[in-house]
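Residue numbers (the UniProt record's numbering): 1 to 315.
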């Protein structure tokens, strides 16, 4: 049954190949990552962040992003995104034909300097240069200004919501096509999420692209639900809840993909994802990452007898 106050469908973007693997020391072989992309697509996921154009010396785990992007572009209906921490990364995303490039901006000045070695306003200026280069190249790659540490920071502590919204508006003014809000370190609660996303929607409207929640203190699903209630219909998630942030001490992984899909489908919100196929992929990823800390509950408990998915796999 569809609840009157919830949207009929939502998109769950898989970010495990980037946000998940960047925090795991081992380097997953490229052929395994290609298998991950292939089978996530076969399970109905139509948006995948395949990696980040960051120098290989800094994150060797993501050194094969160009190859992964090229493969993702061959899969029908797959919207492939990459994270670009700087102008050079954006040039590679444009060259590779990414559908979307996420330019991260930390609302926390301390986290911004630790993670990007730039102030937030310097990142805004760089987005302007990226937009100019994108347009000059005739590229269709969308620019998403991803505002991280939007609810607090392990380095700085409190982050003023007014500053978050100022930076979000500045990103749009600089040329970002979309903006997103991220709880990078898991400080948010549902009331905070509802308040900030309501205000952000009044500024950005349908250009507010995505909610990105970490499950550091077990509130990832509750926060996603709060965002859903106010009209957000796209969420980042990591298979098996892997990940964290190298410059956010104590941060754990994103909300678990399987658990988020299960919650949405249970409430009648269609995702187009085949959960049994997704759980089979999770089982294999767990084998590839043996010894790493994995999250999630649906894979342990299974489906209740009352569970019925809303529809089939996305076309």
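Note that beta-carbon positions come from the ideal geometry of N, C-alpha and C, so glycine has one too.
For this session: State the Cα-Cα distance for the pair residue 289 and residue 59, rounded to the nearest angstrom.
Result: 17 Å
Exercise. How about residue 18 and residue 49: are their beta carbons less than 9 Å apart?
Worked result: yes
For this session: Tell me the start and end of each unbroken beta strand (DSSP E) in the region 21-48 that is at least 3 residues and wholly inside, in chain order.
Result: Residue ranges of uninterrupted beta strand (DSSP E) with 3 or more members are absent from the region 21-48; none lies entirely inside it.
For this session: Run through the region 64-101 for me and flag every whole beta strand (DSSP E) of 3 or more residues, listed as ranges in chain order.
Result: 79-83
Exercise. Okay, do the region 65-74 and the region 119-128 touch, 3+ Cβ pairs below 8 Å being the bar?
Worked result: no
Exercise. With a CB to CB cut of under 8 Å and the five nearest residues on each side skipped, what residues in its chain are close to residue 229?
Worked result: 5, 6 and 194
Exercise. Which word fits residue 104, buried or exposed, when buried means at least 16 other C-beta atoms lie within 10 angstroms of its C-beta?
Worked result: With 16 or more Cβ atoms within 10 Å of its Cβ, residue 104 is classed as buried.
Exercise. For residue 278, does the three-state DSSP call read helix, strand or coil?
Worked result: helix
Exercise. What span of residues does the alpha helix (DSSP H) with residue 259 cover, start to end?
Worked result: Residue range 257-266 is occupied by the alpha helix (DSSP H) that includes residue 259.
Exercise. Which of helix, strand or coil does DSSP assign to residue 309?
Worked result: coil
Problem set entry | Rounded C-alpha distance that separates residue 262 from residue 28 | 27 Å
Exercise. In three-state DSSP terms, what is residue 17?
Worked result: helix
Exercise. Rounded to a whole number of angstroms, what is the C-alpha to C-alpha distance between residue 146 and residue 189?
Worked result: Each residue's Cα considered, the two are about 19 Å apart.
Exercise. What did DSSP end up calling residue 220 once you bin it into helix, strand or coil?
Worked result: helix
For this session: Along the beta strand (DSSP E) that carries residue 234, what are the first and last residues, could you check?
Result: 234-237
For this session: Check whether the Cβ atoms of residue 255 and residue 241 lie closer than 9 Å to each other.
Result: yes
Exercise. What are the boundary residues of the alpha helix (DSSP H) that includes residue 181?
Worked result: Per DSSP, residue 181 belongs to no alpha helix (DSSP H); it is in the beta strand (DSSP E), 178-183.
Problem set entry | residue 160, enclosing alpha helix (DSSP H) - first and last residue | Neither: residue 160 is in no alpha helix (DSSP H) and is coded neither H nor E.
Exercise. Does any C-beta atom of chain D lie closer than 9 Å to the C-beta of residue 28?
Worked result: Going by chain labels, chain D is absent from the structure shown, which holds only one protein chain.
Problem set entry | Distance, residue 83 Cα to residue 191 Cα | 28 Å
For this session: Go through its chain and collect everything with a Cβ distance to residue 187's Cβ below 6 Å, but skip five positions before and after it.
Result: 151 and 152
Problem set entry | Nearest to residue 175 (by Cα), restricted to the options 148, 159, 183 and 131 | 131
For this session: Go to residue 145, then tell me how far its beta strand (DSSP E) extends in each direction, as first and last residue.
Result: 142-148
Exercise. Residue 208 to residue 32, Cα distance in whole Å?
Worked result: 33 Å
For this session: Let me know the secondary structure DSSP gives residue 136 once reduced to three states.
Result: Helix.
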